[in-house]
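The numbering of the sequence shown is the numbering used here, which starts it at 197 and goes up by one.
Ideal Cβ positions, reconstructed from N, Cα and C, are used throughout, including at glycine.
All figures in this text were calculated on a predicted structure; none of them were measured in a lab.
Take a look at the structure below.
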Amino acid sequence: RQWVFNKPFFLILNLAVGGYWPGDPDGSTVFPQQLLVDHVSVTTGDSPTGGVAVRGLAGKCVDVAGASPANGTPVQLYDCNGTAAQQWTAGPDGTLRALGKCLDATGNGTADGTTVQLWDCSGGPNQRWTVTAARDIVNPQADKCLDVTGNNSANGTRLQIWTCTGAANQKWTVG
Numbered sequence: 197r198q199w200v201f202n203k204p205f206f207l208i209l210n211l212a213v214g215g216y217w218p219g220d221p222d223g224s225t226v227f228p229q230q231l232l233v234d235h236v237s238v239t240t241g242d243s244p245t246g247g248v249a250v251r252g253l254a255g256k257c258v259d260v261a262g263a264s265p266a267n268g269t270p271v272q273l274y275d276c277n278g279t280a281a282q283q284w285t286a287g288p289d290g291t292l293r294a295l296g297k298c299l300d301a302t303g304n305g306t307a308d309g310t311t312v313q314l315w316d317c318s319g320g321p322n323q324r325w326t327v328t329a330a331r332d333i334v335n336p337q338a339d340k341c342l343d344v345t346g347n348n349s350a351n352g353t354r355l356q357i358w359t360c361t362g363a364a365n366q367k368w369t370v371g
């Protein structure tokens, strides 16, 4: 049997058999047992430190223009430089955060070409993102991928959402 255990700030330190979770052993329990932990992650969601770079086209990073935390600041592609403007954390609510704000599809937009910006975290669907195994960053509300406009790897190129195509300008490496 396998169990998925996904609880923030809860660490499983238990014997494979002998503790209560996921229940007491019974007559069908085979000994010895083995508990495999394949992933442990501890985050605070909106911590100003401890973020990671998100790399995309030409190995460049997702960057907050001018490292400005102001609402409406463009999010762009830029040479990776390790600054706070390129340190992203995943919030517990599906947001991607930098400088204490959220990656936001401008104006709650869902159309191809809607730019992304930095904005106060509101919990809205335009601020929710999913990183897929195929290395796409998808906004589920729009069902569109984070995209480098025009497949242009120049510094300062705005990021937008666009129908997922599988192209290199929509592929991202987190961390």
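* To do: Could you name the residues of the same chain whose beta carbon sits closer than 6 Å to that of Thr-345, not counting the 5 residues immediately before and after it, in chain order?
  => Here residue 345 is taken as the residue at index 149 of the sequence shown, counted from 1. Correct list, in chain order: Thr-353, Arg-354, Gln-356.
* To do: For Asn-351, count neighbouring C-beta atoms within 10 Å of its own C-beta (all shown protein chains included) and say buried if the count is 16 or more, exposed if not.
  => Position 155 of the sequence shown, counted from the first residue, corresponds to residue 351. Result: exposed.
* Own chain residues within Cβ distance below 6 Å of Thr-311, not counting five before or after -> Numbered from 1 along the sequence shown, position 115 holds the residue referred to as residue 311. Cβ within range, chain order: Thr-302, Arg-354, Gln-356.
* Looking at C-beta atoms only, is the number of pairs between the region 318-327 and the region 272-284 that lie closer than 8 Å three or more? -> A contact between stretches requires three or more CB pairs, one per stretch, nearer than 8 Å, and the region 318-327 fails this requirement with the region 272-284.
* Asked: In whole angstroms, what separates the C-alpha of Trp-368 from that of Asp-332?
  -> Residue numbering aside, residue 368 sits at position 172 when the sequence shown is read from its first letter. Residue numbering aside, residue 332 sits at position 136 when the sequence shown is read from its first letter. The alpha-carbon atoms of Trp-368 and Asp-332 are separated by roughly 6 Å.
* Skipping 5 residues on each side, what residues in its chain have a beta carbon closer than 7 Å to that of Trp-252? -> Sequence index remark: in the sequence shown, residue 252 carries index 56 (1-based). Looking at the sequence itself, residue 252 is Gly, so the reference to Trp does not match. These residues qualify, in order along the chain: Val-258, Leu-273, Val-344, Lys-367, Trp-368.
* Start-to-end residues for the beta strand (DSSP E) that takes in Pro-336 -> Along the sequence shown, read from residue 1 onward, the residue named residue 336 stands at position 140. Segment: none, Pro-336 is in no beta strand (DSSP E) and carries neither H nor E.
* To do: State yes or no: is the beta carbon of Ala-263 nearer than 9 Å to at least one beta carbon in chain C?
  => In the structure shown, chain C does not exist; there is a single protein chain.
* Return the bridge partner residues of Leu-355 from the DSSP annotation. => Position 159 of the sequence shown holds residue 355. Leu-355 is bridged to Val-344.
* What did DSSP end up calling Gln-283 once you bin it into helix, strand or coil? -> One-based indexing of the sequence shown puts residue 283 at position 87. Coil.
* Can you tell which of Thr-306, Val-248, Thr-359 has its C-alpha closest to the C-alpha of Gln-283? -> Stepping through the sequence shown from its first residue, residue 283 is reached at position 87. It is Val-248.
* **Beta-carbon proximity list for Pro-265, same chain, < 8 Å, skipping 5 on both sides** => Counted from its first residue, the sequence shown places residue 265 at position 69. For Pro-265, where only same-chain residues beyond five positions count, the Cβ hits under 8 Å are Leu-295, Gly-296, Lys-297, Leu-314.
* To do: Identify, in the order they occur along the chain, each residue of the same chain with its Cβ nearer than 7 Å to the Cβ of Lys-256, setting aside the five sequence neighbours on each side.
  => Looking up residue 256 in the sequence shown gives position 60. The residues Leu-273, Tyr-274, Asp-275, Cys-276, Ser-349, in chain order, have a CB closer than 7 Å to that of Lys-256 in the same chain once the five nearest residues on each side in sequence are set aside.
* Euclidean distance between Cα positions of Thr-359 and Asp-339 -> Within the sequence shown, residue 359 is the residue found at index 163, counting from 1. Within the sequence shown, residue 339 is the residue found at index 143, counting from 1. Computed Cα separation, rounded: 7 Å.
* Asked: Expressed to the nearest angstrom, what Euclidean distance is found between the alpha-carbon atoms of Asn-365 and Ala-330?
  -> As a working note, residue 365 is residue 169 in the sequence shown. As a working note, residue 330 is residue 134 in the sequence shown. Whole-angstrom Cα-Cα distance: 13 Å.
* Asked: What residues match up with Pro-321 in a beta bridge as DSSP calls it?
  -> Working through the sequence shown from its first residue, we reach residue 321 at position 125. Its beta-bridge partners do not exist; DSSP assigns none.
* Excluding five sequence neighbours on each side, which residues of the same chain lie with their C-beta closer than 6 Å to the C-beta of Thr-239? -> Residue numbering aside, residue 239 sits at position 43 when the sequence shown is read from its first letter. With a pLDDT of 49 at Thr-239, under the threshold of 50, the modelled position of this residue cannot be trusted, and the question is left open.
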